[in-house]
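As C-alpha cells, the structure follows; a few thoughts come after it.
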Amino acid sequence: MWTPQGSVVIGDDIEIEDAKSLIRSEIRQHRGERSPRERSSAGEAIAAHVAELLTRLGPIGTVAAFAARPSEPDTGPVFDLLHEAGVQVMLPMLGPGLSRDWAFYRRGDTLGEQAPGRPPAPSGPGLGETAISRADLVLAPALSVDARGARLGQGGGWYDRALRYVRPGVRVYAVLFDDELSEPELPTAEHDRPVDGVITPAGVHELGDD
114 MWTPQGSVVI
124 GDDIEIEDAK
134 SLIRSEIRQH
144 RGERSPRERS
154 SAGEAIAAHV
164 AELLTRLGPI
174 GTVAAFAARP
184 SEPDTGPVFD
194 LLHEAGVQVM
204 LPMLGPGLSR
214 DWAFYRRGDT
224 LGEQAPGRPP
234 APSGPGLGET
244 AISRADLVLA
254 PALSVDARGA
264 RLGQGGGWYD
274 RALRYVRPGV
284 RVYAVLFDDE
294 LSEPELPTAE
304 HDRPVDGVIT
314 PAGVHELGDD
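Each position in the sequence shown, counted from 1, maps to that position plus 113 in this note's numbering.
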C-alpha cells in the first residue's frame with residue numbers, strides 16, 4: 114500500500130488540487146526509479162489477471178484500454194491477450210481541436226505521440242468521444258487509487274470526463290503497480306469519477322461499495 118511521504122499529508126489544510134499535485138509528483142518520481150524489467154514483469158502479471166476477468170465478467174467483446182507511457186506497467190501483454198481472445202481494443206486518441214476521441218487498435222498498428230506529454234495513440238479513424246460506451250470492460254490509467262475507488266489521474270481530467278459515457282453496469286478497473294494502492298483516502302473533487310477496482314501485478318482488487 115502506498116502512503117504519502119515527505120511533505121504530502123492528506124487531510125492537512127491544503128487545497129485539493131495542490132494536494133493532488135504533490136502526490137502526483139511523488140508517485141511519478143518513484144515510477145521513474147523503476148526498471149524496465151519491473152515494468153515488463155508487471156505487464157505480464159496484469160495481463161494474466163485481465164484473462165481471469167474476461168472469464169469472470171464475460172462475454173466481453175470490446176475493451177477500452179490505454180497504451181502505457183514508459184513509466185507505467187507495460188500494456189503490450191494485455192493487448193496481445195485481448196487480440197488472441199478475439200476482443201476488440203479501443204484506445205484513447207486526440208480528435209479535432211484536441212477533443213477526446215477513441216480508435217480501434219489492432220495488432221501491428223503503429224502507436225504515435227499526438228501531442229507532447231500525451232500517451233501513445235492510434236492514428237484513427239476516430240470513433241467519437243462517446244465511443245467508450247461500446248466497451249464491455251474499461252482499463253484506465255492511474256497514479257494511485259484508494260479503498261473507496263477514488264482515482265488519481267495525470268491531472269488533465271481526461272478520463273473523468275470520458276468515463277461518464279461508460280454504460281451502466283460496465284466495470285472500470287485502474288491499472289497500477291502493487292504499492293500504488295493508497296492507504297489514506299486520496300483528495301477528491303466533485304468531478305472525479307471513481308473506479309470499481311484495481312488491477313496490479315498481485316491481482317484484481319474490487320473496491321468501493323460493490
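Each residue gets a CB set at the ideal place from its N, CA and C atoms; glycine is no exception.
(1) Closer than 6 Å by C-beta to residue 151: which residues in its own chain qualify, once you throw out the five before and the five after it? Chain order, please.
(2) Measuring CB atoms only, is the stretch 142–149 touching the stretch 165–178, in the sense that at least three cross pairs come out at less than 8 Å?
(3) According to DSSP, residue 204 sits in a beta bridge with which residue or residues?
(4) May I have the straight-line CA-CA distance separating residue 174 from residue 203, to the nearest angstrom?
(5) Could you name the residues of the same chain whose beta carbon sits closer than 7 Å to that of residue 311, not counting the 5 residues immediately before and after it, in chain order?
(6) Any idea if residue 140 is buried or exposed, counting beta-carbon neighbours within 10 angstroms, 16 or more meaning buried?
(7) Let me confirm a value: residue 159 is counted as buried when at least 16 other C-beta atoms fall within 10 Å, else exposed. Which label applies?
(8) Pull up the CB-CB distance for residue 191 and residue 225, whole angstroms please, since I reckon it's below 8 Å.
(9) Which residue wins for smallest C-alpha separation from residue 170, given the options 222, 249, 214 and 304?
With the given structure in hand:
(1) Excluding sequence neighbours, residue 151 sits near nothing in its chain.
(2) The stretch 142–149 vs the stretch 165–178: no contact.
(3) Residue 204 is bridged by DSSP to 216.
(4) Approximately 11 Å, taken between the alpha carbons.
(5) When the five nearest sequence neighbours on each side are left out, the beta carbons in the same chain lying within less than 7 Å of the beta carbon of residue 311 are those of 258, 286, 287, 289, 294, 318 and 320, in order along the chain.
(6) Under a 10 Å Cβ-count criterion, residue 140 is classified as buried, with 16 or more other Cβ atoms of the shown protein chains found around its own Cβ.
(7) Counting of Cβ neighbours within 10 angstroms places residue 159 among the buried residues, the total reaching 16 or more.
(8) Rounded, the Cβ-Cβ distance is 19 Å, inconsistent with contact.
(9) Closest option to residue 170, Cα to Cα, is 249.
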